[in-house]
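Heads up: the structure comes next, in structure tokens.
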Amino acid sequence: MKDKFCSLLEKALELGAYKASMVDTSKIKFSSEYRHACESNACGMYGTNWMGPPAVGPIEQLIDRAKGYKRGLLIQTVQQVSDLYDTKSVERAEKSHNELFGNIVRMVKDKYKFKDILPLSAGCCKICERCAYLDGEKCRNPEKSFSSMEAYGINVMELEENCGMSYYNGEDSISYAGLILFNEN
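Okay, so the sequence shown: first residue is -17 according to the working numbering, each after it adds one.
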């Protein structure tokens, strides 16, 4: 089993993750407090997306769902930006993270074939230019979409710190995290 997890970490790093760590889900602290960032519309996406609140579901149900997984793969990406206040630069960095995270999720699905996975990333899903939620339609990409760790009540900074990852990685850089929770077969 240890070999499988070592291989999983190696593959995530090979695909471009800056850091990767295995997580025991029972060690993750969940709290509805971290969902408040979503509810205060800190990202500007509240009520516009199937993968974000309120559409993604009540926090208690999401926490219970996440706790139903035994392990997780936490990855971190670090992107260089010209200026943290340059919106375009930050958007490019986020897009780059989401593409990499999507590649890692596909690798986990294809290579490891875990019984069930729950991918959670940084911020709300942005796969579609316009989310079907706004048009009262079902999600167009349910197999590719993912919610945020905060929407599930996870303190991302604390989780990264507990896994030996620094949230701050230098001037003119921005760090993103992604978590793939899973149950083995």
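All C-beta atoms in this analysis are idealised placements derived from N, C-alpha and C, irrespective of residue type, glycine included. As the structure is a computational prediction, the values presented were derived from the model and not from experiment.
- Assigned with DSSP and collapsed to three states, R53 falls in strand.
- Only residues of its own chain outside the window of five on either side were considered, and among them Y16, R17, A19, C20 and V138 have a CB closer than 7 angstroms to the CB of E132, listed in chain order.
- Under the DSSP assignment, L163 falls in the beta strand (DSSP E) whose first and last residues are S155 to N165.
- Contact between M33 and S148 is absent: CB atoms are separated by about 27 angstroms, not below the 8 angstroms threshold.
- Counting only runs that start and end inside the region -8 to 43, the beta strand (DSSP E) elements of at least 3 residues fall at 1 to 6.
- Bridge partners of T59 according to DSSP: Y158.
- In the three-state reduction of the DSSP assignment, L116 falls in the helix class.
- The DSSP-derived three-state label of I99 is strand.
- S129 is bridged by DSSP to L102.
- Taking G105 as the centre and dropping the five residues before and after it, the same chain places the C-beta of C25, E76 and S130 closer than 7 angstroms to its C-beta, in chain order.
- Counted as a single uninterrupted DSSP element, the stretch harbouring G146 is not any alpha helix (DSSP H), since DSSP gives it neither H nor E.
- Under a 10 Å Cβ-count criterion, E142 is classified as buried, with 16 or more other Cβ atoms of the shown protein chains found around its own Cβ.
- N165 places its beta carbon 9 angstroms or farther from that of S157.
- Here R122 has C110 and A114 as same chain residues with Cβ atoms under 7 angstroms from its own Cβ, once five neighbours each way along the sequence are excluded.
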